[in-house]
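In the working numbering, the protein residues as written are 18 to 480. The beta carbon of each residue, even a glycine, is placed where N, CA and C say it ideally should be. Please read all numbers here as calculations on a predicted model, not as lab measurements. Since the structure comes first, as structure tokens, the remarks are kept for the end.
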């Protein structure tokens, strides 16, 4: 028969009720999952089931075991042994025939590893990340020789497939096995889902919004005076020309001028139309009044794991993505912590970071690995002795944005939510920035900020 066989245990389990004079309730029959030979990675599991339930039973003859074995096969596996006569003396030969075809641990491990590297969440939702981790755990249980996967860089790479934020956590945890790392990620995701469920259950009704008292005076003038700093800050964030509000060229090369005052800015930024800033105000005073180099503007920054490609030494660091820089840069302090050695030197003049340097200078060029959820990016960067860019204070994420992210089950690092200060130690230039952001996805948040999802992880940008 080709139906799945059922087998009852030969002896009942001993329990605390064994001393009572009444029969134990019957247990459901044990079933063996049929093996069809299409996926050889399932052979170890099938062989273990069959040996435990049938092969190890002394009360069964080899002929009976052979019949049970044939009943547990289907497809190509059954065809493989179908021509072997059903005789008691051919039971061992039938088992050996199956082993020769399917007991290939190295090939099975390679297939399982290939499948493991191909598993990714369907979406950034926490539920999909959880399903992804559980699929990975199930695969690891099928790998007989999983110790070959128990190296930290490989574990970090697999963790990045789930969420880039796990790379830093795994690096700090330093698990001894890949299974330990996956169980850790499963626990973190489960706690996140449980916490959200508790918060939703006990969330209070939103407080009524308090409308601001309108200010006295010219409403249009007040509105315009507020819009100018916002426009300046937005332009700085978008990295577009202040003369024509387009990109693709340098500010100094742009011939456009203001139609009102003929100065070097766009008409919408003209100070002459803003009563709060007199036209003859000096540039320094205008900057003081506008203050839109907005310390609280969220730029393209992310926390990432940086690794020495030679020694494996790693550190998490704040990275600033700058699509306008022709070269990547790294602070001297971080280069020393990672023990990065110069691969060559380059003479260059740095312009735009704290002003122009004192003419051309010869600087060290080092190479490091940037860990992302799409793999490792090798980056060459120039070592700088001063700060990459000044430290920035980032406002706390508005509650409306947090609620939207929770509604969409989008997980972001908890450090991004409260007000915090960031000090980038790495600036990624045009080439690397383009490679990391060319396939990024953007979500508009209620506050006007944007959530950018790229291989480095989620970034909240805007003002």
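Residue 338 and residue 472 have their C-alpha atoms spaced approximately 12 Å apart. In this structure, the alpha-carbon of residue 168 lies about 18 Å from that of residue 135. In the three-state DSSP reduction, residue 152 falls in the helix class (H, G or I). Around the C-beta of residue 351, 16 or more other C-beta atoms lie within 10 Å, and the residue is accordingly described as buried.
In the structure shown, the three-state DSSP call for residue 314 is coil.
Contact annotation: residue 349 and residue 365 have beta-carbon atoms that are not nearer than 8 Å. The C-beta separation of residue 147 from residue 207 comes to about 7 Å, placing the pair in contact by the 8 Å criterion.
In the three-state scheme derived from DSSP, where H, G and I count as helix and E and B as strand, residue 383 is classed as strand. Looking only at 86, 118, 96 and 97, the smallest Cα-Cα distance to residue 108 is reached by 86. Residue 166 sits buried, since 16 or more C-beta atoms from the chains shown fall within 10 Å of its C-beta. The bridge partners DSSP lists for residue 282 come to none. Note on residue 441: 16 or more other CB atoms within 10 angstroms of its CB, so buried under the neighbour-count rule. Between the C-alpha atoms of residue 61 and residue 96 there is a straight-line separation of about 19 Å. For residue 205, the number of other beta carbons within 10 angstroms of its own is at least 16, and it is reported as buried. In this structure, DSSP gives residue 451 a helical state, which the three-state scheme calls helix. Membership of residue 437 in the beta strand (DSSP E) is indicated by the continuous run 437–439. Within the DSSP bridge table, the entry for residue 367 names no partner.
Note on the segment 45–120: whole alpha helix (DSSP H) runs with a minimum of 4 residues are 60–67, 79–88, 92–98 and 108–119, in chain order.
In this model, residue 155 and residue 129 are separated by some 10 Å (Cα to Cα). A Cβ-Cβ distance of about 5 Å is found for the pair residue 57 and residue 119, placing them in contact under the 8 Å criterion.
When the Cα atoms are used, residue 73 and residue 425 turn out to be separated by approximately 52 Å. The closest CA to that of residue 447, considering only 343, 189, 49 and 66, is found on 343. In terms of Cβ geometry, residue 333 and residue 316 do not form a close pair [threshold 8 Å]. Closest in C-alpha terms to residue 143, from the list 99, 65 and 423, comes 423. In the DSSP assignment, residue 345 falls within the unbroken beta strand (DSSP E) covering 345–348. For the set 461, 114 and 398, the Cα lying nearest the Cα of residue 444 is the one of 398. Counting along the chain, the unbroken beta strand (DSSP E) around residue 394 starts and ends at 392–401.
Its Cα nearest to that of residue 429, the residue 470 stands out among 470, 48 and 102.
DSSP places residue 133 in the helix class (H, G or I) of the three-state scheme. Between the segment 185–203 and the segment 400–410 there are fewer than three inter-stretch CB-CB distances shorter than 8 Å, so the stretches are not counted as touching. When secondary structure is reduced to three states using DSSP, residue 182 falls in the helix class.
Of the other Cβ atoms in all chains shown, 16 or more fall within 10 Å of the Cβ of residue 476; this residue is therefore buried.
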